[in-house]
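Working notes, beginning with the structure itself.
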Ligand code: ATP
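Okay, here's the thing in structure tokens:
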């Protein structure tokens, strides 16, 4: 098994790279989906969140009311830390289960937006960083519905390109066209992934 940690700033193109790798046969562990699954109705995760924040974080039909929860943790760092303390270990444990269930010769890709911020580079055989110019990222995020101010604030709250580069084994440049990105992923697969999987047998 070869474990790839995929990271990059918001709007850099992580999901796009993950999809390109999945098309080549990689197993992609989708942390966003897992984060939703661990607080579905009936889960211990949802029970723990309700235990910490009260029944006001439930919709009338018993699902997590994300807007209500967001408004609690938005301006309260201590509440945010409590929420993270509940959800992050559950997400991590579930992700490890998915990884453990992958075939022994699998290439497993984990999209970890805060890989650098949370000091997780050591967990992966290969750290893959996606970059795009600031202006390009802003334009893509605005197309996706964020305001420019919001997009700038979110980018500023994350690690810098330099910090991500410092832990990267490979940097992909996604300032160009989707085809240009696909060509880089093809090269990565042929030159780094296939040989590394071969070495591991
Ligand atoms: P987030 O951090 O928000 O999850 P991300 O890093 O996963 O974002 P993507 O969702 O892959 O980034 O890309 C951000 C947006 O830019 C998407 O709408 C995507 O379709 C678009 N996009 C990605 N790469 C390109 C490209 N080379 N050219 C044009 N648009 C692109």
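Residue numbers (this note's numbering): 554 to 754. Note that CB positions come from ideal geometry on N, CA and C, so glycine has one too. As the structure is a prediction and not an experimental result, all values here were calculated from the model.
As computed with DSSP, residue 700 is found in no beta bridge at all. For residue 664, DSSP records a beta bridge to 559. If you draw a straight line from the Cα of residue 730 to the Cα of residue 609, it is about 45 Å long. The beta-carbon distance between residue 679 and residue 749, rounded to whole angstroms, is 7 Å. This is short enough to meet the 8 Å contact definition. For residue 751, the distance from the CB to the nearest heavy atom of the ligand ATP is not below 7 Å. Cβ-Cβ distances below 7 Å link residue 607 to nothing in the same chain once the five nearest sequence neighbours on each side are left out.
Residue environment for residue 737: buried (at least 16 other C-beta atoms within 10 angstroms of its C-beta).
By the beta-carbon neighbour count (other beta carbons within 10 angstroms, threshold 16), residue 684 is buried. The C-beta separation of residue 625 from residue 632 comes to about 6 Å, placing the pair in contact by the 8 Å criterion. Here residue 726 carries a strand assignment [DSSP, helix/strand/coil]. Taking C-beta separations shorter than 8 Å and ignoring five residues to either side along the sequence, the partners of residue 674 in its chain run 558, 668, 680 and 720, following chain order. Around the CB of residue 658, fewer than 16 other CB atoms lie within 10 Å, so the residue is classed as exposed. Using a cutoff of 7 Å, the CB of residue 564 counts as near the ligand ATP, since one of the ligand's heavy atoms is closer than that.
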